[in-house]
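Read through the structure below, which is laid out as structure tokens, and then see the notes.
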Amino acid sequence: MDTLSNVAHQATQFATLLLEMLGVAVIVLGFAYSLFRTLRHPDGEIGRYQQLRQDLGRSILLGLELLVAGDIIRTVSVEPTMEGVLVLGMIVLVRTFLSISLEVELEGRWPWKRHEGTPGERDAGIRG
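Those letters in the sequence shown? Residues 25 to 152, per the numbering used here, in order.
Right under this line is the structure:
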């Protein structure tokens with residue numbers, strides 16, 4: 025039983041490390057992709073800047089989600105202490121705040137607001 029417990033612990037450590045590495049890689053590669061896309065497809069000064077911001081924001085959002093998943097696995101895989109749970113709670117709160125802020129910045133609306141579409145789409149009954 026001790027061997028099984030050890031294997032399970034190592035597997036959760038590996039999963040945590042993998043998620044954290046993927047989260048960082050998504051942010052870094054997303055930055056590189058965003059920069060490449062902006063330099064490759066110039067749509068005017070303002071359009072290029074907006075596209076760069078949106079691409080970067082999406083990369084950061086996805087990376088943050090992966091990092092939060094890694095933190096959750098790390099916290100529940102070891103014997104949870106009150107301190108560990110409180111630290112996880114603070115990390116999740118900060119990252120949730122960042123995610124919501126980025127979503128508002130990218131989409132121009134609160135994440136829980138349904139996409140209303142353009143006036144023409146609403147008249148035709150098309151939903152986003």
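Glycine included, every Cβ here is placed at the ideal spot set by N, Cα and C.
Which first and last residues belong to the alpha helix (DSSP H) in which residue i is found?
i	result
T105	Segment: none, T105 is in no alpha helix (DSSP H) and carries neither H nor E.
Let me know the secondary structure DSSP gives residue i once reduced to three states.
i	result
H33	helix
G81	helix
R133	coil
Buried or exposed for residue i, going by 16 or more other Cβ atoms inside 10 Å?
i	result
V92	buried
G54	buried
S58	buried
Under the assumption that residue i contacts residue j (Cβ atoms under 8 Å), give the Cβ distance between them as a whole number of angstroms.
i	j	result
V50	S101	Incorrect: roughly 22 Å between the Cβ atoms, too far for contact.
L126	G94	Not really, about 19 Å apart at Cβ, beyond 8 Å.
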